[in-house]
Every structure is written in structure tokens, then in C-alpha cells.
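In the numbering used here, the protein residues as written are 134 to 293.
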């Protein structure tokens with residue numbers, strides 16, 4: 134659901150200008166079943182009850198279920214990814230890693246954040262969960278943009 138939500142926000146904010154940019158929103162998971170469910174882009178009516186009506190009309194198609202509109206679906210890609218075994222996607226402008234690292238030991242968390250750092254474009258953004266925080270050596274590689282929302286910007290190597 135998150136990749137579709139991000140794509141909807143981008144479409145809403147950028148409007149027709151979105152077509153002038155190369156945009157791909159990737160959703161990754163270690164569970165193949167979750168990936169296949171996400172690719173389908175289907176919401177049952179009950180699950181969609183918290184989505185404002187104007188977004189449902191604009192970004193969904195109704196056919197016994199709510200289906201993500203082709204416009205939004207075309208912006209999203211889904212991929213199996215083991216955060217520790219696989220290389221991350223490269224050249225990202227933004228990485229959302231919300232409420233993932235709370236389950237990891239410090240060593241695993243540091244390894245993951247270093248991978249994410251390497252995957253980001255210079256001045257790219259990392260957004261983590263509100264209960265998460267960057268600590269230690271990795272915190273020196275990011276600048277806090279919005280502390281309450283846990284938004285960080287990558288500091289390029291040559292600027293540190």
C-alpha cells in the first residue's frame with residue numbers, strides 16, 4: 134500500500150508536471166506473497182474506508198474491489214529484496230525505511246543504514262519511522278531535515 138500512497142501523493146502534488154519527470158516508486162519485501170499482493174493493486178472496501186473520497190474517485194477504479202488506477206500503478210514497481218543479502222536499488226532520491234530497523238540489532242541496523250547511504254544520490258533523503266533514530270557513525274553521514282518526522286538528507290562524502 135505504501136508505494137501506491139507515495140505515488141498518489143506525488144501525482145497530487147505535481148499534477149500534470151509529473152509527466153515531465155522519470156518517476157519510479159519501488160516497493161520491496163522479503164515475502165514473495167506480499168509482493169504479489171502489492172502488484173495486484175487491489176483494496177477491499179473495508180480497507181479503503183480511511184482513504185478520502187476525492188482520492189478514491191481520482192486514483193482508483195471500482196470493479197467489485199477498489200483497483201489502483203493505471204496511472205498510479207504505472208509509477209510503481211515491486212521487487213523481492215532481502216535487506217542483508219541483496220544489494221539495494223541504486224541512485225535513489227528518497228528511501229522510506231519506516232518501522233523496519235526496530236526489529237534489528239545495532240550491528241544489523243548500522244549495516245542496513247550504510248547500504249541505504251550508498252544507494253542514495255548525493256543529498257538524497259532517508260525517511261525512517263518515528264520510533265527510530267540514526268545513532269553512532271551513521272548519524273554523521275546524514276543531516277537532520279525534520280527531526281519529528283525523522284527525515285534525513287545524505288551528506289556527500291566530500292562534504293563531511
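Don't be surprised by glycine CBs; every beta carbon is placed ideally from N, CA and C.
- Sequence-distant residues of its chain with Cβ nearer than 8 Å to residue 257 (five each side left out): 225, 226, 227, 228, 286 and 287
- Message: Do residue 140 and residue 209 have their beta-carbon atoms positioned less than 7 Å apart in this structure?
- Response: yes
- Message: By the DSSP assignment, the beta strand (DSSP E) with residue 161 in it spans what residues?
- Response: 158-162
- Does any residue of chain B bring its CB to less than 7 Å from the CB of residue 243? This model lacks chain B altogether; it includes just one protein chain.
- Using 8 Å as the threshold, is the segment 238-252 in touch with the segment 267-274, meaning 3 or more CB pairs across them? yes
- Message: Using 8 Å as the cut-off, can you tell me whether the segment 169-180 makes contact with the segment 198-207, which would need three or more C-beta pairs spanning the two stretches below that distance?
- Response: yes
- Message: Taking 7 Å as the limit between beta carbons, can you name the residues of its chain near residue 205, skipping five residues before and five after?
- Response: 137, 140, 141, 144 and 192
- Message: Within the continuous alpha helix (DSSP H) that includes residue 243, where are the two ends?
- Response: 239-252
- Message: Using a 10 Å radius around the Cβ and a threshold of 16 neighbouring Cβ atoms, would you call residue 275 buried or exposed?
- Response: buried
- Between the C-alpha atoms of residue 167 and residue 249, what's the straight-line distance to the nearest angstrom? 22 Å
- Please say whether residue 160 and residue 213 have beta carbons closer to each other than 7 Å? no
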